[in-house]
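2 protein chains.
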Amino acid sequence: MLIVHVHVHVRAEAVEAFIDATLTNARASVQEPGIARFDLIQQTDDPQRFLLQEVYRTPGAPAAHKETAHYALWRDTVAPMMASPRTAVRYENLFPEDARW
Amino acid sequence: MLIVHVHVHVRAEAVEAFIDATLTNARASVQEPGIARFDLIQQTDDPQRFLLQEVYRTPGAPAAHKETAHYALWRDTVAPMMASPRTAVRYENLFPEDARW
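Here it is, written out as structure tokens:
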């Protein structure tokens, strides 16, 4: 299993539109067989900062996700909303067991 | 619901001991009624860096967690293992619904 945290910093006027576009993407992404979770959370002390927690079941799942129409739409929709470039950090799972993600 | 990400940077020689102590704490923490998840993940490109994802069901749950014996044991056990001070970031949940965490 592969866990990716995507850190997103959105321009103030784009916060609501970013949430809308990302919820649409998340609801479609969790239907992909290779995706166990696709969480969206908002930083409490800075609502312009978000974290996408993407939990992939297989090594090929991230590439499969990037080939979907919902990913392409999201990527193009949110591109002008960024206050700074997105960053991603990859993690290995230690707890709980993979099946509980 | 309150989501807390605790970023931990461990000294190289303490990595295995940190994992052991934190797994013990995580297995006990997920038994607390106020805790929905207590995840431990390890950064792929820097195995000395970990993230604890603590998902609390209620505003009082973080304080209740810090009163447990397993938290106190973990805190004291890992204190000398830190390469730098821990940092925590708080988030609000946007997706999925609270019950699916």
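Chains as they are written, first to last, in this note's numbering: chain P, 1 to 101; chain R, 1001 to 1101.
For each residue, glycine too, the CB sits at the ideal point set by N, CA and C.
Beta-carbon contacts of residue i that lie in its chain and below 6 Å, excluding the five residues immediately before and after
{"i": "V128/P", "result": "Since the first residue shown for chain P is 1 and the last is 101, residue 128/P is missing from the structure and cannot be characterised."}
{"i": "W1074/R", "result": "A1021 and N1025"}
{"i": "A28/P", "result": "H70"}
Proximity of residue i and residue j at Cβ, strictly below 7 Å
{"i": "L51/P", "j": "H5/P", "result": "yes"}
{"i": "Q1042/R", "j": "L94/P", "result": "yes"}
{"i": "N1025/R", "j": "H1065/R", "result": "no"}
{"i": "T77/P", "j": "A14/P", "result": "no"}
{"i": "R90/P", "j": "T1044/R", "result": "yes"}
Spatially closest choice to residue i from the options, by CA coordinates
{"i": "A1063/R", "options": "P1033/R, M1082/R, H1009/R and L1094/R", "result": "P1033/R"}
{"i": "T1058/R", "options": "E1016/R, A1014/R and A1099/R", "result": "A1099/R"}
{"i": "Q1053/R", "options": "E1016/R, E1097/R and V1030/R", "result": "V1030/R"}
{"i": "F1018/R", "options": "E1097/R, G1060/R and M1081/R", "result": "M1081/R"}
{"i": "D1046/R", "options": "E92/P, A61/P and A72/P", "result": "E92/P"}
Below-7 Å beta-carbon distance, residue i vs any chain R residue
{"i": "R90/P", "result": "yes"}
{"i": "L23/P", "result": "yes"}
{"i": "T44/P", "result": "yes"}
{"i": "A26/P", "result": "yes"}
Own chain partners of residue i with C-beta closer than 7 Å, once the 5 adjacent residues on each side are dropped
{"i": "R1086/R", "result": "V1006, H1007 and V1008"}
{"i": "A1012/R", "result": "Q1048"}
{"i": "S84/P", "result": "H9"}
Within-7 Å CB hit, residue i to chain P
{"i": "I1035/R", "result": "no"}
{"i": "L1052/R", "result": "no"}
{"i": "F1095/R", "result": "yes"}
{"i": "L1040/R", "result": "yes"}
Close-in-space but distant-in-sequence residues of the same chain around residue i (CB under 8 Å, 5 per side omitted)
{"i": "A88/P", "result": "V4, H5, V6 and H7"}
Query raised in the report: Where in the segment 1046-1099 of chain R do unbroken runs of the alpha helix (DSSP H), each at least 4 residues long, occur, reported from the N-terminal end onward?
Result: The qualifying runs are 1061-1066 and 1069-1078.
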